[in-house]
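Undergrad: Basically my numbering = 1-based index in the sequence shown + 400.
Where is the CB? At the ideal position from N, CA and C, for every residue including glycine.
Please read these numbers as outputs of a predicted model, since none were measured by experiment.
Sharing a structure with you now.
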Amino acid sequence: MNDAHALAGDPYVAAFPENRPFWEAAEQGRLLLPHCASCGQFHWHPRPRCPYCRSDAVRWKQAGGEGVLHTYTVIRRPGACYVLAYVQVTEGPLLMTNIVDADPEHLHIGMVLRCGFRATAEGRHAPVFRPA
Ligand SMILES: [Zn+2]
């Protein structure tokens with residue numbers, strides 16, 4: 401399958417093999433987040449120990465894919481305009497991401513967003529958010 405080859409050749413995925421389940425799920429349109437089995441909290445970014453209780457019982461768990469716009473900035477360059485944002489997902493963590501399929505003039509803090517995925521230049525699929 402082409403997607404598997406794309407991941408295999410992606411230097412970012414190769415450099416952080418512990419995050420490979422995240423990228424494999426992303427190719428299937430599923431958002432995984434690190435979840436601590438000891439204290440029950442999700443966190444972001446991925447790390448071997450829970451930042452809340454220091455347990456190493458951290459496993460990938462599927463998130464619902466919804467969140468709210470926490471903060472954002474509109475980046476305008478000749479020929480390009482995109483929105484860089486922090487989205488707080490329903491499970492709690494803040495994710496740095498892009499907002500897509502939205503007029504930047506109509507964005508507002510607290511608006512409900514839905515996760516989707518967009519192919520990067522390297523071939524993996526990165527989570528992005530769009531208005532729900
Ligand atoms: Zn914990």
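Quick check for students: name the residue ranges of the beta strand (DSSP E) that lie wholly in the segment 457-498, counting only runs of 3 or more.
TA: Listed in chain order, they are 458-462, 466-477 and 480-489.
Undergrad: At a cut-off of 6 Å, is C436 close to ligand 1 when judged by its beta-carbon and the heavy atoms of the ligand?
TA: Position 36 of the sequence shown, counting from 1, holds the residue named residue 436. Checking every heavy atom of ligand 1 against the Cβ of C436, one is found closer than 6 Å.
Undergrad: Which two residues bound the contiguous alpha helix (DSSP H) that contains V413?
TA: Numbered from 1 along the sequence shown, position 13 holds the residue referred to as residue 413. Run containing V413: P411 to A415, per the alpha helix (DSSP H) assignment.
Undergrad: P531 lies in the beta strand (DSSP E); which residues open and close that run?
TA: Numbered from 1 along the sequence shown, position 131 holds the residue referred to as residue 531. It spans H525 to P531 - the beta strand (DSSP E) in which P531 sits, taken as one unbroken run.
Undergrad: Is Y482 near ligand 1, going by C-beta to nearest heavy atom under 6 Å?
TA: Start at 1 with the first residue of the sequence shown, and residue 482 comes out as number 82. It does not: the Cβ of Y482 is nowhere closer than 6 Å to a heavy atom of ligand 1.
Undergrad: According to DSSP, what are the bridge partners of A519?
TA: Mapped onto the sequence shown, residue 519 falls at position 119. DSSP, once it has assigned bridges, lists H525 as partnering A519.
Undergrad: Considering only heavy atoms of ligand 1, does any lie closer than 6 Å to the CB of Y472?
TA: By one-based count along the sequence shown, residue 472 stands at place 72. No, the beta carbon of Y472 sits no closer than 6 Å to any heavy atom of ligand 1.
Undergrad: Any Cβ of chain D within less than 7 Å of the Cβ of C453?
TA: The structure shown contains no chain D; it holds only a single protein chain.
Undergrad: Any heavy atom of ligand 2 closer than 6 Å to the beta-carbon of C515?
TA: Of the ligands one can find in the structure shown, namely ligand 1, none is ligand 2.
Undergrad: Within the present structure, is the beta-carbon of Y412 separated from the nearest heavy atom of ligand 1 by less than 6 Å?
TA: Locating residue 412 in the sequence shown gives position 12, counting from the first residue. Flag unset: Cβ of Y412 not near ligand 1.
Undergrad: Could you pull the start and end residues of the alpha helix (DSSP H) that P421 belongs to?
TA: Translated into the one-based positions of the sequence shown, residue 421 becomes position 21. Looking at the DSSP string, the run of the alpha helix (DSSP H) that includes P421 is R420 to E427.
Undergrad: Quick check on A408: does DSSP put it in helix, strand or coil?
TA: Indexing the sequence shown from 1 puts residue 408 at position 8. DSSP places A408 in helix when its eight states are reduced to three.
Undergrad: Which value, in whole angstroms, describes the spacing of the CA atoms of E491 and R476?
TA: Stepping through the sequence shown from its first residue, residue 491 is reached at position 91. Stepping through the sequence shown from its first residue, residue 476 is reached at position 76. Taking the straight line joining both Cα atoms gives about 31 Å.
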